[in-house]
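Taking it in order: structure first as structure tokens, then the write-up.
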Amino acid sequence: MGVGSSHGNGLFFRTLTEKQAEEIHLASSRILEETGMVIHHQEAVELLRQAGAQVENGNRVYFPNHLVKKALQSAPSHVTLYNRNGETALQLQGSNVYFGTGSDTLNYLDPVSQERRKWHQEDVANAIRLCDKLPNIDFVMSMGLLCDVDRRMINREQYAIMVQNTVKPQVVIAEDGDTLRDIIEMAASAVGGKERLRQKPLFMIYTEPTSPLQHPQDSVDKLLIAAENGVPTNFACGGVAGASVPTTVGGALVQANAEALSGLVIHQLKAPGAPFVYGYGNSPLDMRTMQAVYGTPEAVLFQGGMVDLAHYYELPSWGYAGCCNAKVCDEQAIAESTMFTLMGALQGCNIMHDVFYMEFGLTGSLELLVISNEVIGRARRLLKGIDTDQESLGVEAIMRVGPGGNFLGDDHTANHFRENWLPDLSDFNNYENWSENGSKTMVDRARERIKQILETHQPKLVTDEVREQIETILKRAREKVGANEK
Amino acid sequence: MSDFNSLAELVIKGDYNGAQTLTQRMVGNGNDPLEIINQGLMAGMNVVGVRFKAGDMYVPEVMMSAKAMSKGIEVVKPLIADKDMPTAGKVLVGTVKGDLHDIGKNLVLMMMESAGFEIIDLGVDIDAEAFVKAVKEHKPQVIGMSALLTTTMLSMKDTIEALKEEGLRDSVKIIVGGAPISQGFADEIGADGYAPDAAAATDLCKRLIA
Chain L
37 MGVGSSHGNG
47 LFFRTLTEKQ
57 AEEIHLASSR
67 ILEETGMVIH
77 HQEAVELLRQ
87 AGAQVENGNR
97 VYFPNHLVKK
107 ALQSAPSHVT
117 LYNRNGETAL
127 QLQGSNVYFG
137 TGSDTLNYLD
147 PVSQERRKWH
157 QEDVANAIRL
167 CDKLPNIDFV
177 MSMGLLCDVD
187 RRMINREQYA
197 IMVQNTVKPQ
207 VVIAEDGDTL
217 RDIIEMAASA
227 VGGKERLRQK
237 PLFMIYTEPT
247 SPLQHPQDSV
257 DKLLIAAENG
267 VPTNFACGGV
277 AGASVPTTVG
287 GALVQANAEA
297 LSGLVIHQLK
307 APGAPFVYGY
317 GNSPLDMRTM
327 QAVYGTPEAV
337 LFQGGMVDLA
347 HYYELPSWGY
357 AGCCNAKVCD
367 EQAIAESTMF
377 TLMGALQGCN
387 IMHDVFYMEF
397 GLTGSLELLV
407 ISNEVIGRAR
417 RLLKGIDTDQ
427 ESLGVEAIMR
437 VGPGGNFLGD
447 DHTANHFREN
457 WLPDLSDFNN
467 YENWSENGSK
477 TMVDRARERI
487 KQILETHQPK
497 LVTDEVREQI
507 ETILKRAREK
517 VGANEK
Chain W
14 MSDFNSLAEL
24 VIKGDYNGAQ
34 TLTQRMVGNG
44 NDPLEIINQG
54 LMAGMNVVGV
64 RFKAGDMYVP
74 EVMMSAKAMS
84 KGIEVVKPLI
94 ADKDMPTAGK
104 VLVGTVKGDL
114 HDIGKNLVLM
124 MMESAGFEII
134 DLGVDIDAEA
144 FVKAVKEHKP
154 QVIGMSALLT
164 TTMLSMKDTI
174 EALKEEGLRD
184 SVKIIVGGAP
194 ISQGFADEIG
204 ADGYAPDAAA
214 ATDLCKRLIA
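In the order they appear, the protein sequences are chains L and W. Just so you know, we're using the numbering used here here: the first sequence kicks off at 37 and counts up by one. Just so you know, we're using the numbering used here here: the second sequence kicks off at 14 and counts up by one.
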């Protein structure tokens, strides 16, 4: 396939040359072979040892290159996620792009009161319901860390809210293997059984190594459970350049690639052909504030490199979009998040998360979500490129209208103008009309849209039977972890 | 320039090989080890602190300076009785059970070290029992617990409870930090302090010990 991303007619984008991708691959292979990883998981270490990896001190594993090659051969080049109705939703392959929210922000920027506060179950339900309605938000993550449930139950309770408030597919976080098993059960219940869930996955699990070069027990647990159950997974750390990965973009790519591939090897040893999504994040450390920051030019370049490596390996790719470091939905928020969204789209990153993240992921803004929905719409139009078929070239129309004429009254315009992008939130009025409408800024209009959608939009409900099954699973889990009954 | 000024300059520049060599030469020339620390190494580090706060130096440069200082201290330490070693206080740090993310903890540790604290670093994945054992052994003034994951931060409370059970809670100040931690969470679990970043954590320790 080579590197680079092809879209629509004629549009092509790449960050790395084929030669650079190969250089990074070779450098990562050296790290895997000569430095290896510390893997805090006995079963995974045993799988690797039996496959021919060298193991030292019980958990230091050196990955010979043939294991990487074999894993790359058995891993599928496309992964499909389905919605709750069993319809194809995300086809993660080639240069297709999909966008969704992030998970577990600590703070909610309440769009009504505009205060920054903790998330309650009702807030997450509303936010997910909003995503259900927004046409360019293709999947959801949990958005907010719940403050009103037992802490050990958070990821399960979030899942129950997600699956009941949107039909869209999800990417989930799970505290541990037990949580993941409960989530699989809830999802299976929503789609009509475990076998059906395996055939048509409704969610993908997000697992991660701990950079540099360590695999925690819980992460590997989830990786193996995902492999066994055919639940699509990634193995994507959020690297912090200058701290957990090298400060240079090239060095960050080498290490990120090595870690992602090491996860792939374990995953494919457990279940050859199980669905895996390749990717990694990079939030460079700001050397004055010690903050890991989102969407710097280097982070965007890094993502381009990762996506080109995914193309090089013929694996689906995972990444970021629509996120920022701003504290409120201001000019910085839109500048950072929009650049990331557009670049991610051009890069052809298959599944991009964190749309709506503010403050390096500590806070979530529904205003940013709604504005990003519009930005993604613009980006998607760009990806269609330029049509050059006879009808689009419009030679006959140009001849018909002739010198001094007007295309406004011509059939060609009436037949084709709707192919062009039309705004939903952006204001194209003249000053007088804009002022007459209340001189509203984009954020004002976004807030109105949120209010309107939350007042009117009712997502497709799950059946009473499914709701009861989910409640039973939650109840059993609450008892098991010793959570107080609500 | 005096040797003391030169040594301070080497610390400011982060030239750790140079700082080590000059410290060795100054010891050979019969300079007082405590003066080498206070007028050379620490003097340089104090300038670094001011420049960092002013935004003229960035953390990677501060860390090279801290490394230069500790290379110098390694040379003079054997010549000074333990009780005479200048220290701002003793701090015991570790990431909590289940959490291998130690970048943040290490940053705090490096900032504290460069501020003159003695650090006992327990490392990662430290359960309540191990914290208790270390408190008994090292008798620190402050314990710092770090967590990056929302799923592991809960065990901070376990450690505090375990210290209470052992009757050790009042002998130490407990500070917590990490991306998901907030002042509210610190209050909820009964910690003595929370700091949002490494520089603030250092100031917090100074306040708690004072």
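Heads up, the beta-carbon is just placed ideally off N, CA and C, and yes, glycines get one too. A quick note: this is a predicted structure, and the numbers were derived from the prediction, not measured.
Same chain, Cβ closer than 6 Å to residue i, five either side skipped, listed in chain order
{"i": "Gly358 (chain L)", "result": "Ser373, Thr377, Val391, Ser408"}
{"i": "Lys522 (chain L)", "result": "Because the pLDDT of Lys522 (chain L) is 46, which lies under 50, any placement of that residue in the model is unreliable, and the number read from its coordinates should be weighed accordingly. Hits under 6 Å: none found."}
{"i": "Lys516 (chain L)", "result": "none"}
{"i": "Thr243 (chain L)", "result": "Ser255, Lys258, Leu259, Thr269, Phe271"}
{"i": "Ala80 (chain L)", "result": "Val256, Ile302"}
{"i": "Lys219 (chain W)", "result": "none"}
{"i": "Ala147 (chain W)", "result": "Leu105, Leu135"}
{"i": "Ala21 (chain W)", "result": "Gly53, Ala56, Gly57"}
{"i": "Ala371 (chain L)", "result": "none"}
{"i": "Asn18 (chain W)", "result": "none"}
Listed by chain order, chain L residues near residue i by CB distance under 7 Å
{"i": "His6 (chain W)", "result": "Absent from the model: residue 6 (chain W). The displayed extent of chain W is 14 to 223, so no value can be given."}
{"i": "Pro193 (chain W)", "result": "Leu142"}
Nearest neighbour of residue i, chosen from the options [CA to CA]
{"i": "Glu174 (chain W)", "options": "W:Val60, W:Ala141, W:Leu122", "result": "W:Ala141"}
{"i": "Glu126 (chain W)", "options": "W:Gln52, W:Leu162, W:Ser78", "result": "W:Ser78"}
{"i": "Ala310 (chain L)", "options": "L:Glu211, L:Ser113, L:Gly122", "result": "L:Ser113"}
{"i": "Val498 (chain L)", "options": "L:Leu181, L:Trp155, L:Ala224", "result": "L:Ala224"}
{"i": "Asn132 (chain L)", "options": "L:Val276, L:Asp140, L:Pro352", "result": "L:Pro352"}
{"i": "Asp95 (chain W)", "options": "W:Thr215, W:Ala81, W:Leu135, W:Leu47", "result": "W:Leu47"}
{"i": "Glu150 (chain W)", "options": "W:Asn119, W:Val185, W:Met124, W:Met158", "result": "W:Val185"}
{"i": "Ala101 (chain W)", "options": "W:Gly68, W:Tyr29, W:Pro153", "result": "W:Pro153"}
{"i": "Glu29 (chain L)", "options": "L:Val97, L:Phe49, L:Gln150, L:Arg417", "result": "Residue 29 (chain L) falls outside the range modelled here, since chain L spans only 37 to 522, and no answer is possible."}
{"i": "Val155 (chain W)", "options": "W:Val106, W:Phe65, W:Leu161", "result": "W:Val106"}
{"i": "Ala296 (chain L)", "options": "L:Leu181, L:Ala279, L:Val276, L:Leu249", "result": "L:Leu249"}
{"i": "Cys365 (chain L)", "options": "L:Phe49, L:Glu70, L:Arg152", "result": "L:Arg152"}
{"i": "Thr124 (chain L)", "options": "L:Asn293, L:Met435, L:Leu233, L:Gly518", "result": "L:Leu233"}
{"i": "Gly287 (chain L)", "options": "L:Gln368, L:Gln327, L:Ala57, L:Gly38", "result": "L:Ala57"}
{"i": "Ser298 (chain L)", "options": "L:Glu334, L:Gly278, L:Gly315", "result": "L:Gly315"}
{"i": "Asp183 (chain W)", "options": "W:Leu221, W:Met98, W:Leu113, W:Val137", "result": "W:Leu221"}
Proximal chain L residues relative to residue i, where beta-carbon distance stays under 9 Å
{"i": "Ala211 (chain W)", "result": "Met326"}
{"i": "Gly68 (chain W)", "result": "Arg324"}
Chain-order list of residues whose beta-carbon lies under 7 Å from that of residue i (same chain, five-residue window excluded)
{"i": "Asp218 (chain L)", "result": "Arg192, Ile509, Ala513"}
{"i": "Arg483 (chain L)", "result": "Pro147, Glu403"}
{"i": "Gln33 (chain W)", "result": "Lys84, Gly85, Val88"}
{"i": "Gly421 (chain L)", "result": "His43, Gly44, Asn45, Gly46, Leu47"}
{"i": "Arg414 (chain L)", "result": "Trp457"}
{"i": "Ala307 (chain L)", "result": "Ala263, Glu264"}
Residue i and residue j closer than 9 Å at C-beta
{"i": "Val343 (chain L)", "j": "Gly331 (chain L)", "result": "no"}
{"i": "Phe338 (chain L)", "j": "Asn361 (chain L)", "result": "no"}
{"i": "Val176 (chain L)", "j": "Gln157 (chain L)", "result": "no"}
{"i": "His251 (chain L)", "j": "Ile302 (chain L)", "result": "yes"}
{"i": "Ile139 (chain W)", "j": "Lys103 (chain W)", "result": "no"}
{"i": "Ala111 (chain L)", "j": "Leu300 (chain L)", "result": "yes"}
{"i": "Gly129 (chain W)", "j": "Met70 (chain W)", "result": "no"}
{"i": "Ala579 (chain L)", "j": "Gly229 (chain L)", "result": "It is not possible to answer for residue 579 (chain L), since the shown part of chain L is limited to 37 through 522."}
{"i": "Gly213 (chain L)", "j": "His389 (chain L)", "result": "no"}
{"i": "Lys66 (chain W)", "j": "Tyr29 (chain W)", "result": "no"}
{"i": "Ile194 (chain W)", "j": "Ser280 (chain L)", "result": "no"}
{"i": "Met166 (chain W)", "j": "Gly203 (chain W)", "result": "no"}
{"i": "Ala199 (chain W)", "j": "Gly157 (chain W)", "result": "no"}
{"i": "Leu216 (chain L)", "j": "Leu117 (chain L)", "result": "no"}
Neighbouring residues, chain W, relative to residue i (Cβ below 8 Å)
{"i": "Leu233 (chain L)", "result": "Result: empty, since nearest Cβ-Cβ is about 24 Å, beyond 8 Å."}
{"i": "Gln250 (chain L)", "result": "Leu113"}
Where residue i meets chain W, residues with beta-carbon distance less than 7 Å
{"i": "Met323 (chain L)", "result": "Tyr71, Val72, Pro73"}
{"i": "Asp140 (chain L)", "result": "Thr163"}
{"i": "Pro205 (chain L)", "result": "Within 7 Å Cβ-Cβ: nothing; Pro205 (chain L) doesn't reach chain W, min ~23 Å."}
{"i": "Glu211 (chain L)", "result": "Thr164"}
{"i": "Ser280 (chain L)", "result": "Ile116"}
Residue i beta carbon near the ligand GTP (any heavy atom closer than 8 Å)
{"i": "Asp423 (chain L)", "result": "With respect to the ligand GTP, the structure shown offers nothing to examine, as it has no ligands at all."}
When Cβ atoms are compared, which residues of the stretch 162–178 of chain W fall closer than 7 Å to chain L? Thr163, Thr164, Leu167
Taking Cβ-Cβ distances below 7 Å as the criterion, which residues of the stretch 169–186 of chain L are in contact with chain W? Leu181
Please list the residues of the stretch 117–148 of chain W that have a C-beta atom closer than 7 Å to any C-beta atom in chain L, keeping them in chain order. Leu120
For the stretch 253–283 of chain L, list every residue whose C-beta sits within 9 Å of some C-beta in chain W, in sequence order. Gln253, Asp254, Val276, Gly278, Ala279, Ser280, Thr283
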